[in-house]
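**Q**
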Amino acid sequence: IKRITTHILQEMKERGEKISMLTAYDFSMATIVDAAGIDIILVGDSASNVMAGHETTLPITLDQMIYHASSVVRAVKRSFVVVDIPFGNYQGNSSEALRSAIRIMKESGAHAVKVEGGAEIKESVSRILSAGVPVMGHLGLTPQSIYKFGTYTVRAKEEAEAKKLLEDAKILEECGCFAIVLEKIPASLAKKVAESVQIPVIGIGAGPHVDGQVLVMHDMLGITQEFKPRFLRQYADLQQVMTDAFKNYIRDVKNKDFPNKSESY
Ligand code: KIV
Ligand code: NA
9 IKRITTHILQ
19 EMKERGEKIS
29 MLTAYDFSMA
39 TIVDAAGIDI
49 ILVGDSASNV
59 MAGHETTLPI
69 TLDQMIYHAS
79 SVVRAVKRSF
89 VVVDIPFGNY
99 QGNSSEALRS
109 AIRIMKESGA
119 HAVKVEGGAE
129 IKESVSRILS
139 AGVPVMGHLG
149 LTPQSIYKFG
159 TYTVRAKEEA
169 EAKKLLEDAK
179 ILEECGCFAI
189 VLEKIPASLA
199 KKVAESVQIP
209 VIGIGAGPHV
219 DGQVLVMHDM
229 LGITQEFKPR
239 FLRQYADLQQ
249 VMTDAFKNYI
259 RDVKNKDFPN
269 KSESY
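Residue 9 is where the sequence shown starts when you use the UniProt record's numbering, and the numbers rise one by one after that.
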């Protein structure tokens, strides 16, 4: 199998082939999604929500992200694996940013890192890139700064914020980022960004006129049920499938139906 590289992702944009991306946080799920043919697996800090049960992405640590990432990398044969650098491990200081990125690359074997923000984190992005580590940007709704915004509503609807977002995208491209995620912004703005930069732009709640799409695996599988934003298309109802399986198992145990003779030694 031919592994996906930043070069292949760039070619996909150039020939108009949309890039598919999903999150994964563990070996078993990553095995399935890689074999299904996903282009990029994101070990997102959404692990803080869907794996650890935190309300925000802020509490997850670098060590915990490395644990998730190394589990995913052991499963992957073809996908390009990108890992979120968690809140507090890159923003303040470019040396720390580089140290965090190097720990992720060395200890997990991942292929790239992702960071949230534009102009504010320019030095950190450049420093990481100078070490040869590919960086994916993330603009629009940036969950690590949720307390600055206060809500998870659509971003960059106003002229000033839209202008800054477009400038930030260009800054990230100039720094050398290989791709940018745009989260929850108007489709028209996302289109403008995708047309204004040469690198792939991957959307989540950013409409169809971008170079690829990303969703959180547990949301698209219907494992999480409380989170239902407009942009989420649910491809399965695994909560129902799993609940039925668990209930049937419990029933069989209680009824002494499991294990039967052929299931015993
Ligand atoms: O952590 C995450 O899952 C993400 C995606 C939503 C882009 O950053
Ligand atoms: Na994230």
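Glycine included, each C-beta is placed from N, C-alpha and C at the ideal position. It should be emphasised that the depicted structure is a prediction, and the values quoted were computed from it without experimental measurement.
Taking a contact to mean a Cβ-Cβ separation below 9 Å, would you say MET37 touches MET250 in this structure?
**A** Contact flag unset, no.
**Q** Under 9 Å between the Cβ atoms of LYS26 and GLN221?
**A** Closer than 9 Å, so yes.
**Q** Exposed or buried, what is ILE49 when buried is set at 16 or more other beta-carbons lying within 10 Å of its beta-carbon?
**A** Buried, because 16 or more other Cβ atoms sit within 10 Å of the Cβ of ILE49.
**Q** Give the DSSP-derived three-state secondary structure of MET59 in the structure shown.
**A** MET59: coil per DSSP, three-state reduction.
**Q** Which of helix, strand or coil does DSSP assign to SER28?
**A** SER28 falls in the strand class under three-state DSSP.
**Q** Measure the alpha-carbon distance for GLY148 versus LYS130 and round it to whole angstroms.
**A** Roughly 16 Å between the two C-alpha positions.
**Q** Count the other C-beta atoms from every protein chain shown that fall within 10 angstroms of the C-beta of GLN248, then say buried if there are 16 or more, exposed otherwise.
**A** Flag for GLN248 reads exposed.
**Q** Kindly indicate which three-state DSSP category ILE207 falls into: helix, strand or coil?
**A** Coil, per DSSP.
**Q** When you compare the CB positions of ASP47 and PHE88, do they come within less than 9 Å of one another, or not?
**A** Yes, the pair counts as a contact, with Cβ atoms nearer than the cut-off.
**Q** My assumption, with CB atoms under 8 Å, is that SER56 sits in contact with ILE68. Please give the rounded CB distance.
**A** That belief holds up - the Cβ atoms of SER56 and ILE68 are roughly 4 Å apart, short of 8 Å.
**Q** Indicate the three-state DSSP secondary structure (helix, strand or coil) for GLU22 in the structure shown.
**A** Here GLU22 sits in helix by DSSP.
**Q** If you draw a straight line from the alpha carbon of ARG241 to that of SER102, how long is it in whole angstroms?
**A** Those two C-alpha atoms are separated by around 37 Å.
**Q** Extract the residue ranges of the beta strand (DSSP E) inside the stretch 111–157, only unbroken runs of 3 or more that lie entirely within it.
**A** Counting only runs of 3 or more, we get 120–122, 143–148.
**Q** Using the Cβ count rule (16 or more neighbours within 10 Å means buried), how would you classify SER204?
**A** Exposed.
**Q** So, does the stretch 134–143 touch the stretch 178–197, judging by three or more C-beta pairs under 8 Å?
**A** In short, these stretches touch, since the Cβ pair count reaches three.
**Q** For SER54, is the beta carbon positioned less than 8 Å from some heavy atom of ligand 4?
**A** With respect to small molecules bound, the structure shown includes ligand 1 and ligand 2 and not ligand 4.
**Q** Quick one: Cα of ALA109 to Cα of VAL123, how far?
**A** When rounded, the distance between both Cα atoms is 10 Å.
**Q** Taking 8 Å as the cut-off, is the C-beta of LEU50 nearer than that to any heavy atom in ligand 1?
**A** Indeed, a heavy atom of ligand 1 lies less than 8 Å from the Cβ.
**Q** Determine the extent of the alpha helix (DSSP H) in which GLN248 is found, giving its start and end residues.
**A** 246–262 is the extent of the alpha helix (DSSP H) around GLN248.
**Q** Can you tell which of GLU167, LEU197, SER153, GLY125 has its C-alpha closest to the C-alpha of THR64?
**A** Per the Cα distances, SER153.
**Q** Return the Cβ separation of ASP42 and ALA77 in integer angstroms, given the expectation that the two are a contact with Cβ distance under 8 Å.
**A** Actually they do not touch by this definition, with Cβ atoms about 14 Å apart.
**Q** What does GLU191 pair with, by DSSP beta-bridge criteria?
**A** GLU191 is bridged to GLY148, ILE212.
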